[in-house]
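For the record, the sequence lines run as chains F and G. Just add 805 to the spot in the first sequence (first one is 1) and you have my numbering. Just add 805 to the spot in the second sequence (first one is 1) and you have my numbering. Note that beta-carbon positions come from the ideal geometry of N, C-alpha and C, so glycine has one too.
Number of protein chains: 2
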Amino acid sequence: MDNAQLLKGVLEGCVLAVIDKGETYGYEIIGELEKSGFDEIGEGTLYPVLTRLDKSGLIACRRAKSPLGPVRKYYSITPQGRSFLAEFKKRYRRITESAAAILFEEEIL
Amino acid sequence: MDNAQLLKGVLEGCVLAVIDKGETYGYEIIGELEKSGFDEIGEGTLYPVLTRLDKSGLIACRRAKSPLGPVRKYYSITPQGRSFLAEFKKRYRRITESAAAILFEEEIL
DNA sequence: CAAGCTACTAAACAATGCAAAGTAGCTGAT
DNA sequence: ATCAGCTACTTTGCATTGTTTAGTAGCTTG
């Protein structure tokens, strides 16, 4: 199946939400996403998202040694990221409610 | 704001769901979508979706005169479309539940 | 030293929504 | 009869974003 299209945009918001819970790094974010039910988010999928969020100023980055492997890049959310996330949630909710109205009608998602 | 990405894939499923409710045509589908809460779905957005669904064999097309304007293309769902829609709903639900778990945590969407 | 895990990078690609412009039939007002 | 405005569909070119694949490199363990 092709979930790629359904993930568009959603992933960006979810990654930001994960970082909002506390400073974290790429590999760990993948684990968080999969723990919440997302299927096999590859590294080639996640890292470009982080790069974009960083360039947009929604997250900040700092390098630090890992006790396990190579250097990690730790990300934390910025004030701009926080307000973007708040807006994102509103937009996301609105769209999912519109879609649910058509897809599931009487059911409440 | 840019809802374009959040709509990716969702729109296709919603259009199919609208047609599943009964034979209809492009202009009317746009009305249905907006009635359910979607914002300004342009013609340049919808018609390519219909073309794709048709080519994929998920909907069937027939031309008929309109009492108001130019000829309409009426679309109806095919058996393949029905099973695709059922699968789509499962996938969509799974992804929105995963996203909600991260975005809204304890809240129940 | 090799295997395997951790961790990030980069390039080429495919899918889809969107804006803009165009074609055309029909109706009603001027 | 003409023009505006609504209905209805088409086409082109574009931007964004997730995926695939491959690659680099540190660390631990056998």
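(message) Going by DSSP, what residue range makes up the alpha helix (DSSP H) through residue 888 of chain G?
(response) As a first step, residue 888 of chain G is located in the second sequence; it is residue number 83 there, counting from the start. Here the alpha helix (DSSP H) through residue 888 of chain G covers 884 to 908.
(request) Measure from the alpha carbon of residue 838 of chain G to the alpha carbon of each residue in G:829, G:865, G:820 and G:869, then state which is nearest. (result) Numbered from 1 along the second sequence, position 33 holds the residue referred to as residue 838 of chain G. The shortest C-alpha separation from residue 838 of chain G is found at G:820.
(message) residue 886 of chain G and residue 863 of chain G - do their beta-carbons sit closer together than 8 Å?
(response) Your numbering for residue 863 of chain G matches position 58 in the second sequence. Your numbering for residue 886 of chain G matches position 81 in the second sequence. Contact: yes.
(request) Go ahead and label residue 823 of chain G buried or exposed: buried means 16 or more other beta carbons lie within 10 angstroms of its beta carbon, across all protein chains shown. (result) Within the second sequence, residue 823 of chain G is the residue found at index 18, counting from 1. Classification for residue 823 of chain G: buried.
(request) Could you tell me whether any Cβ in chain F is nearer than 8 Å to the Cβ of residue 885 of chain G? (result) Here the question's residue 885 of chain G lines up with position 80 in the second sequence. By this cut-off, residue 885 of chain G is not an interface position.
(request) Figure out for me which residue from G:808, G:898 and G:903 has the closest Cα to the Cα of residue 846 of chain G. (result) Within the second sequence, the letter at position 41 stands for residue 846 of chain G. The shortest Cα separation from residue 846 of chain G among G:808, G:898 and G:903 belongs to G:808.
(request) Pick out the complete beta strand (DSSP E) segments inside the segment 822 to 846 of chain G, 3 residues or longer, and give them in chain order. (result) none
(message) Please identify the residue among G:858, G:852 and G:880 whose C-alpha is closest to the C-alpha of residue 827 of chain G.
(response) By 1-based counting over the second sequence, the position of residue 827 of chain G is 22. Among G:858, G:852 and G:880, the Cα nearest to that of residue 827 of chain G is on G:880.
(request) Could you tell me the distance, in whole angstroms, from the CA atom of residue 861 of chain G to the CA atom of residue 908 of chain F? (result) Here residue 861 of chain G refers to the residue found at position 56 of the second sequence. Here residue 908 of chain F refers to the residue found at position 103 of the first sequence. If I take the Cα positions, the gap works out to 20 Å.
(request) Taking residue 747 of chain G and residue 813 of chain F to be in contact with their CB atoms under 8 Å, please state how far apart those CB atoms are, rounded to whole angstroms. (result) Nothing can be reported for residue 747 of chain G: it is not among the residues displayed for chain G, which extend from 806 to 914.
(request) Could you please give me the residues that DSSP links to residue 869 of chain F through a beta bridge? (result) The residue you call residue 869 of chain F lines up with position 64 of the first sequence. Paired residue(s): F:877.
(request) Using a Cβ-Cβ cut-off of less than 7 Å, give me the residues of the segment 818 to 835 of chain G that come near chain F, in sequence order. (result) 818, 819, 822 and 823
(request) Work out the CA separation of residue 841 of chain G and residue 920 of chain F for me, nearest whole Å. (result) This structure cannot speak to residue 920 of chain F, because chain F is shown only from 806 to 914.
(message) When you compare the CB of residue 897 of chain G with every CB in chain F, is at least one pair closer than 8 Å?
(response) Residue mapping note: residue 897 of chain G aligns to position 92 of the second sequence, counting from 1. Yes, contact with chain F.
(request) For residue 903 of chain F, go through chain G and note every residue whose CB falls closer than 7 Å to its CB, in chain order. (result) Along the first sequence, read from residue 1 onward, the residue named residue 903 of chain F stands at position 98. Within chain G, the residues near residue 903 of chain F are 841, 842 and 843.
(request) Give me the Cα-Cα distance between residue 873 of chain F and residue 818 of chain G, rounded to the nearest whole angstrom. (result) Taking the first sequence and counting its residues from 1, the one referred to as residue 873 of chain F is at position 68. Taking the second sequence and counting its residues from 1, the one referred to as residue 818 of chain G is at position 13. If I take the Cα positions, the gap works out to 44 Å.
(request) Run the CB neighbour count on residue 815 of chain F, radius 10 Å, all protein chains shown included, and call it buried at 16 or more, exposed below. (result) Translated into positions along the first sequence, residue 815 of chain F becomes position 10. Result: buried.
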